[in-house]
Amino acid sequence: MPESSIRYLVFDVESFVDAPLAARLHFPEEEKTFQHPEEAVARWKEELRSQTGKDFIPYTFHLPTAIVLAKVSEDFELLDIAALSEVSLRPAEIAERFWRGWERYGRPTFVTFNGRSFDIPLLELAAFRFGLSIPGWFSPLAKNYDQPRSRYNQSAHIDLQEIFTNFGSTRFNGGLDLAANLIGKPGKIDVFGEMVDTMRQEGRFQEIEDYCRCDVLDTYFVFLRTRVMMGYLSLAEEQKRVESARKWLEERAEDCAAYRHYLESWGCWEDPWNRTVSPELPSAISSPGSIPGGAQNRISQKAVSSEIQGQEQHADSAAHSRQENHFDSPSKGSQTAQAHDAENAESTETAQSVEHTNGTLKKRNSRSKTVSRNAKASKEDKS
5 MPESSIRYLV
15 FDVESFVDAP
25 LAARLHFPEE
35 EKTFQHPEEA
45 VARWKEELRS
55 QTGKDFIPYT
65 FHLPTAIVLA
75 KVSEDFELLD
85 IAALSEVSLR
95 PAEIAERFWR
105 GWERYGRPTF
115 VTFNGRSFDI
125 PLLELAAFRF
135 GLSIPGWFSP
145 LAKNYDQPRS
155 RYNQSAHIDL
165 QEIFTNFGST
175 RFNGGLDLAA
185 NLIGKPGKID
195 VFGEMVDTMR
205 QEGRFQEIED
215 YCRCDVLDTY
225 FVFLRTRVMM
235 GYLSLAEEQK
245 RVESARKWLE
255 ERAEDCAAYR
265 HYLESWGCWE
275 DPWNRTVSPE
285 LPSAISSPGS
295 IPGGAQNRIS
305 QKAVSSEIQG
315 QEQHADSAAH
325 SRQENHFDSP
335 SKGSQTAQAH
345 DAENAESTET
355 AQSVEHTNGT
365 LKKRNSRSKT
375 VSRNAKASKE
385 DKS
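If you're matching positions, the sequence shown starts at 5 in this note's numbering and goes up one per residue.
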């Protein structure tokens, strides 16, 4: 595969808490009392749960244990998936290969879910810790808005969570799991991020890598749907890429447990635009239970709109006719103008007739009132 064909790197990082570091800095007075540094991690998590209800230790105490990257083309086709993990590499090597690979592939655009708040800072800190030089990422001489680390520079990094939250304007409760399920993909299956520490302590490195692969697949499919929202792909084009990726997974499922597991949990996204609605609109509207809510609303709105249009059509037909006649030939326009003059003259005569009639009625009413007053006065005089 030519390196130049890779336009996007969709990736996810799984990490673990550096137990010796946590023991040394968070429990400095008790560090030597722990038989194993992992005891410090367990105790810290207990403290966090009692304080906040969550046990996530800040990423600043983490190291990468697995990174999985999906290589994606300019037209959003899945090309390949690669893994960097403790199955064969140490954390320092994982970080080093990640940053070197990004440079080697021509600095493709990163695509993550919440990567701006977790994955990228963790890997930047790993570069700091292990003495890695990544000037291409920091670009200190570039203008602020051109620097890859700029929040709004989506040519360098597309964080899908930033898209869903409008760059932090709201919260996206449910995260990647929700986004994936909305489009019929598995989301979280058996493993969750908080389980990685324990899995690593048990030496289950391959399972961690497999879990990371599934997260990357979810991220890729969510990325595709955002391209539909933004107009880079039509829905039909997106579905072709989804099907192409599925075939890619099926071809490799025999050798990869993660892909088998993912395909077994694959759901079907129900395309609302492929549903056919009964042409008998009145009967369909009268029984809303037979039509999905969204379709029912669209049909009702269409029926109301048609009724309103029908009422307005007769009233507006003359005006529409006059507007359309601006595009007619001169001779026809002359005839039309004469017809309009006759129509206007007739309207004027009618108005005058009505006005005359109204005037006559007013005079009659006035005479009636006068007669009535005279009769009343005569009656009073008699009394």
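Don't be surprised by glycine CBs; every beta carbon is placed ideally from N, CA and C.
Residue i to residue j span [Cα, whole Å]
| i | j | result |
| --- | --- | --- |
| Gly235 | Phe171 | 19 Å |
| Pro190 | Trp106 | 28 Å |
| Arg94 | Ala46 | 23 Å |
| Glu34 | Leu25 | 13 Å |
| Val72 | Phe225 | 15 Å |
| Tyr109 | Leu13 | 9 Å |
| Leu408 | Asp194 | Only positions 5 to 387 of the chain appear in the structure, and residue 408 is not among them; the question remains open. |
| Lys36 | Gly57 | 28 Å |
| Ile289 | Met233 | Since pLDDT at Ile289 reaches only 35, below the 50 mark, its modelled position is unreliable, and the value read off the structure follows with that caveat. Going from the Cα of Ile289 to the Cα of Met233 covers about 30 Å. |
| Ala86 | Phe176 | 28 Å |
| Glu255 | Gln210 | 20 Å |
| His30 | Glu166 | 32 Å |
| Arg11 | Arg245 | 15 Å |
Proximity to residue i [Cα-Cα], best of the options
| i | options | result |
| --- | --- | --- |
| Gly188 | Asn177, Ser159, Glu268 | Glu268 |
| Pro62 | Trp48, Thr223, Asp79 | Trp48 |
| His161 | Val195, Lys192, Glu34, Ser121 | Ser121 |
| Phe117 | Arg231, Ala261, Val220 | Val220 |
| Asp59 | Glu128, Ala44, Ala96 | Ala44 |
| Val17 | Leu253, Ala261, Glu90, Trp141 | Glu90 |
| Ala262 | Ala70, Glu213, Phe225, Asn148 | Glu213 |
| Leu129 | Ser173, Ala99, Thr223 | Ala99 |
| Gly179 | Val232, Gly135, Gly119, Leu145 | Gly119 |
| His40 | Gln205, Cys216, Glu274, Phe227 | Gln205 |
| Phe80 | Phe114, Ser173, Gly140, Ser54 | Phe114 |
| Pro112 | Ser92, Asn157, Leu186, Leu136 | Asn157 |
| Tyr266 | Leu253, Ala27, Glu51, Asn177 | Leu253 |
| Cys272 | Leu186, Phe168, Leu52 | Leu186 |
Presumed contact (8 Å Cβ cut-off) between residue i and residue j, rounded CB distance
| i | j | result |
| --- | --- | --- |
| Ile138 | Ala131 | 5 Å |
| Ser9 | Leu83 | 7 Å |
| Pro68 | Ser143 | Actually they do not touch by this definition, with Cβ atoms about 23 Å apart. |
| Asp181 | Lys192 | 5 Å |
| Arg229 | Glu242 | 7 Å |
Residues near residue i by beta carbon distance below 6 Å, same chain, minus five either side
| i | result |
| --- | --- |
| Arg264 | Ala257 |
Continuous alpha helix (DSSP H) stretch holding residue i: start and end
| i | result |
| --- | --- |
| Ala3 | The requested residue 3 does not occur in the structure, where the chain is confined to residues 5 to 387. |
| Cys209 | Contrary to the premise, residue 209 reads as Phe rather than Cys in this sequence. Run containing Phe209: 209-234, per the alpha helix (DSSP H) assignment. |
| Ala99 | 95-108 |
| Asp123 | 123-134 |
| Glu206 | Element bounds for Glu206: n/a, residue is neither H nor E. |
| Val389 | Not covered by the structure: residue 389. The range shown for the chain is 5 to 387. |
| Thr56 | 42-56 |
Same chain only: Cβ atoms within 8 Å of residue i, ignoring 5 sequence neighbours per side
| i | result |
| --- | --- |
| Ser154 | Asn148, Ala160 |
| Ala146 | none |
Range of the contiguous beta strand (DSSP E) that encloses residue i
| i | result |
| --- | --- |
| Ile85 | 82-89 |
| Ala74 | 66-76 |
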